[in-house]
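Asker:
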Amino acid sequence: NPDSIKKLPTYHVIILARNDIGRVNLYQLVSASHLVYYNRRPRIPKSVLNEHREGLIVGSACEAGELYRALLDGKPDETIAKIVDFYDYLEIQPLGNNAFMIADEKNDRVNSNEDLIEINKKIVKLGDQFKKPVVATCDVHFMDPEDEIYRRIIMAGNGFSDADNQAPLYLRTTEEMLEEFSYLGSEKAEEVVITNTNKIADMIEKIS
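Residue 482, in this note's numbering, is where the sequence shown stops; the numbers in between run on with no holes.
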């Protein structure tokens, strides 16, 4: 029932089309999310995503994603295992992207950069445990650090009270990303920053 689905909690997800079949399936999901399940923002139930999953690659996304939230909420191992199983790859992001959680009083599980590192290390461990590639991404919303002003303006216009506290969502260089994830050790940092990102990119065919 679409109406009961509209009331469920929502999470971010990354959906990549790897070929023409995936492109068509992605269009189907975009249409359904706006026309059938829309409630304040487009939504898609996992069951519907699974029906149209051929040709798609599904990633666990940012701190607003289901996996990160479950780890934050201290969900049991069986729940975490079920969540991990759903995704094709797991995602980790630079500490600055999630630093806003340290200042958030509603969030008592993240009080320092060490806590953020701990969550990223847990995701890396889950990737090893469940044989899922872990990919380090910047969650890029703008190209260069100074471009944050445009996102600030958009967010202020949308009524966000914290629009002036922009996360560093710019495109980092490979060197910057390796430095960012150096706490994983150089071998693992290279795997998540270079090897696995290329692995995902190489799965995607040239489509128009």
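Idealized CB from N, CA, C, for every residue including glycine.
#1: Using DSSP with H/G/I as helix, E/B as strand and the rest coil, what is V408?
#2: Pull up the DSSP beta-bridge partners for A291, would you.
#3: On the premise that V398 lies in contact with K462, defined as a C-beta separation below 8 Å, what is that separation, rounded to the nearest angstrom?
#4: Which same chain residues end up closer than 6 Å to S334 when comparing Cβ atoms and leaving out the 5 residues on each side of it in sequence?
#5: Alpha carbon to alpha carbon, what distance is there between E464 and K356?
#6: From this set, N372, I428, N387, K473, which residue's C-alpha is nearest K406's C-alpha?
#7: Specify whether the region 307-319 and the region 279-287 touch according to this definition: at least 3 beta carbon pairs, one from each stretch, less than 8 Å apart.
#8: Where does I366 sit, in a helix, a strand or coil, going by DSSP?
Answerer: With the given structure in hand:
#1: For the purposes of this step, residue 408 is identified with residue 134 of the sequence shown, where counting begins at 1. Shown here, V408 sits in a strand according to DSSP, grouped into three states.
#2: On the sequence shown, position 17 is the one that residue 291 refers to. BP columns for A291 point to L330.
#3: Residue mapping note: residue 462 aligns to position 188 of the sequence shown, counting from 1. Residue mapping note: residue 398 aligns to position 124 of the sequence shown, counting from 1. Confirmed, about 7 Å.
#4: Locating residue 334 in the sequence shown gives position 60, counting from the first residue. Beyond the five residues adjoining it in sequence on each side, S334 comes within less than 6 Å, by CB distance, of L341, Y361, L364, E365 in the same chain, given in chain order.
#5: Counting from one through the sequence shown, the residue named residue 356 turns up at place 82. Counting from one through the sequence shown, the residue named residue 464 turns up at place 190. Straight-line Cα distance between these residues: approximately 27 Å.
#6: The residue labelled residue 406 in the question sits at position 132 within the sequence shown. Minimum Cα distance to K406 is reached at K473.
#7: yes
#8: Within the sequence shown, residue 366 is the residue found at index 92, counting from 1. Strand at I366.
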